[in-house]
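Structure first, then comments.
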Amino acid sequence: MREAVIVSAVRTALARAITGSFRNTRPEHTAAEAVKEAVRRASGLRPEDIDDLVMGCSFPEAEMGMNLGRVIALKAGLSSQVPGMTVNRYCASGLEAIAIACQRIMCGFADAMVAAGVENMTLVPM
20 MREAVIVSAV
30 RTALARAITG
40 SFRNTRPEHT
50 AAEAVKEAVR
60 RASGLRPEDI
70 DDLVMGCSFP
80 EAEMGMNLGR
90 VIALKAGLSS
100 QVPGMTVNRY
110 CASGLEAIAI
120 ACQRIMCGFA
130 DAMVAAGVEN
140 MTLVPM
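Just so it is clear: in the sequence shown, position 60 is 79 by the numbering used here, and no numbers are missing.
And the structure:
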């Protein structure tokens, strides 16, 4: 079985949910910037090398709906051939995205994957 390794990691800034500086920023914008930067930091990896993007989101409805993974893949400048998918595992959505990406690489179904998680808690009615 092949080995899967993490070659880059990026974290966006934190802000207070309802009154924070990102309250009017859509989640696909912040996530796309993080994905772009993660790919840039991965030495020798080009956007066209990415086989798929797996995006974890615990509330994939409304502004965070409409296959957020695909939208982020396109906004991040990945190839239009990258399908992108959204995973919902509630609090563990981002972790599940990483696990799925690792499994795809280890089983030989992909060579390079992007795995991430995105939330904008201002948009979640709690």
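We put the beta carbon where it would ideally sit given N, CA and C, even for glycine.
Fair warning: this is a prediction, and the values are worked out from it, not measured in the lab.
Check: Applying the criterion that 16 or more other CB atoms from any shown protein chain within 10 Å of the CB defines a buried residue, is A28 buried or exposed?
Finding: As a working mapping, residue 28 is identified with position 9 in the sequence shown. Burial call: exposed.
Notebook entry, point to check: For the beta strand (DSSP E) that T49 lies in, which residues bound it at each end?
Noted result: The residue labelled residue 49 in the question sits at position 30 within the sequence shown. Where T49 is concerned, there is no enclosing beta strand (DSSP E), although the alpha helix (DSSP H) it sits in stretches over P46 to R60.
Note to self: Between which residues of its own chain and C121 is the CB-CB distance below 7 Å, once the five residues before and five after are set aside?
What the structure shows: For the purposes of this step, residue 121 is taken as residue 102 along the sequence shown, with counting starting at 1. For C121, where only same-chain residues beyond five positions count, the Cβ hits under 7 Å are A23.
Notebook entry, point to check: How far does the beta strand (DSSP E) with A134 in it reach, from first residue to last?
Noted result: The residue labelled residue 134 in the question sits at position 115 within the sequence shown. Counting along the chain, the beta strand (DSSP E) containing A134 begins and ends at M132 to G136.
Check: Taking C-beta to C-beta, are G75 and V106 nearer than 7 Å?
Finding: Your numbering for residue 75 matches position 56 in the sequence shown. Your numbering for residue 106 matches position 87 in the sequence shown. Closer than 7 Å, so yes.
Margin query: Once the 5 residues before and after N86 are set aside, which same chain residues still bring their CB inside 6 Å of it?
Written below: The residue labelled residue 86 in the question sits at position 67 within the sequence shown. Counting only Cβ-Cβ distances below 6 Å, and skipping sequence neighbours, we find T105.
Next item on the list: Give the straight-line distance between the Cα atoms of G136 and I91, rounded to the nearest whole angstrom.
Entry: As a first step, residue 136 is located in the sequence shown; it is residue number 117 there, counting from the start. As a first step, residue 91 is located in the sequence shown; it is residue number 72 there, counting from the start. So the two alpha carbons sit approximately 11 Å from each other.
Next item on the list: Please name the residue or residues paired with V73 in a DSSP beta bridge.
Entry: As a working note, residue 73 is residue 54 in the sequence shown. According to DSSP, which records beta bridges pairwise, V73 is partnered with M104 and A134.
Check: Between R123 and A116, is the Cβ-Cβ spacing less than 7 Å?
Finding: Position 104 of the sequence shown holds residue 123. Position 97 of the sequence shown holds residue 116. Cβ atoms of R123 and A116: not closer than 7 Å.
Check: Mind checking L33: buried by the 16 CB within 10 Å criterion, or exposed?
Finding: Position 14 of the sequence shown, counted from the first residue, corresponds to residue 33. Label assigned to L33: exposed.
Check: In three-state terms, what does DSSP make of E115?
Finding: As a first step, residue 115 must be located in the sequence shown, where it is residue number 96. The answer is helix: DSSP assigns E115 an H, G or I state.
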